[in-house]
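According to the numbering used here, the sequence shown holds residues -10 to 179 in order.
We treat Cβ as the ideally placed atom computed from N, Cα and C, and that holds for glycine.
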Amino acid sequence: RNCIRVIAESVGVASVSDEVADALAPDIEYRLRDIVAEALKFMRHGRRETLSCDDINFALRARSCEPLYGFATTDPPRFCRAAGTGDVFYLDDPELNLSDLMAVPLPPMPRPPSFTAHWLAINGVQPDIGQNPSSSEATAAAHVESPSITGKRKRPVCSTGVMGGAHADPTELVENSEQSLTAEEQVWLE
């Protein structure tokens, strides 16, 4: 009864009669047991021996309830008995001095980003900027010889100069070089 009254006062209900508290007690007990049983399932599936606040939050989320806020710590909570009462406990929350916290040096700055995003082409057009290859590099890449796979046949490779084809050079044929493969590699490729 006392717990129900304290919770009702924290929500804003001024007074709760004994009959109402007695009627709410079984339902509250059922809901708490249900959530704790679900949290124990999460604890067992996680192969842990201690029930944590995360397990309770997972159980609440499985029941479509709002999770608990402010209890995301790995240290077990320490409950202290309130002075002058036998059944009232509170969480031991030490007071921190802000001047001590401000005197602690700041952690080092994180490293700057080591990668950047870059558009190679926009709407099929390559802008002429330093990050994109120049037209002479594209021409040189088009004239690279590709060796024959089997090493027995030669075939001409067609190269069109600059990519895009609008200002293409006349087609020139480039002979492939022969590449010697072992008998085992030739059998594997066939």
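In this structure Ala48 touches Ile24 by the C-beta definition: roughly 5 Å separates them, less than 8 Å.
As summarised for the segment 10 to 87, the continuous alpha helix (DSSP H) elements at least 4 residues long and confined to that stretch are 42 to 51, given in chain order. With respect to the C-alpha of Asp16, the residue from Gly35, Ile(-7) and Arg37 having the closest C-alpha is Ile(-7). Counting along the chain, Arg100 sits inside no alpha helix (DSSP H), nor does DSSP assign it H or E at all. With 16 or more other CB atoms across the displayed protein chains lying within 10 angstroms of its CB, Met32 is buried. By alpha-carbon distance to Ala110, the top candidate from Leu29, Ile118 and Glu27 is Ile118.
DSSP places Ile(-7) in the helix class (H, G or I) of the three-state scheme.
In the three-state reduction of the DSSP assignment, Val176 falls in the helix class. In this structure, DSSP gives Val114 an extended state, which the three-state scheme calls strand.
Counting only the Cα atoms, Trp177 lies some 48 Å from Pro101.
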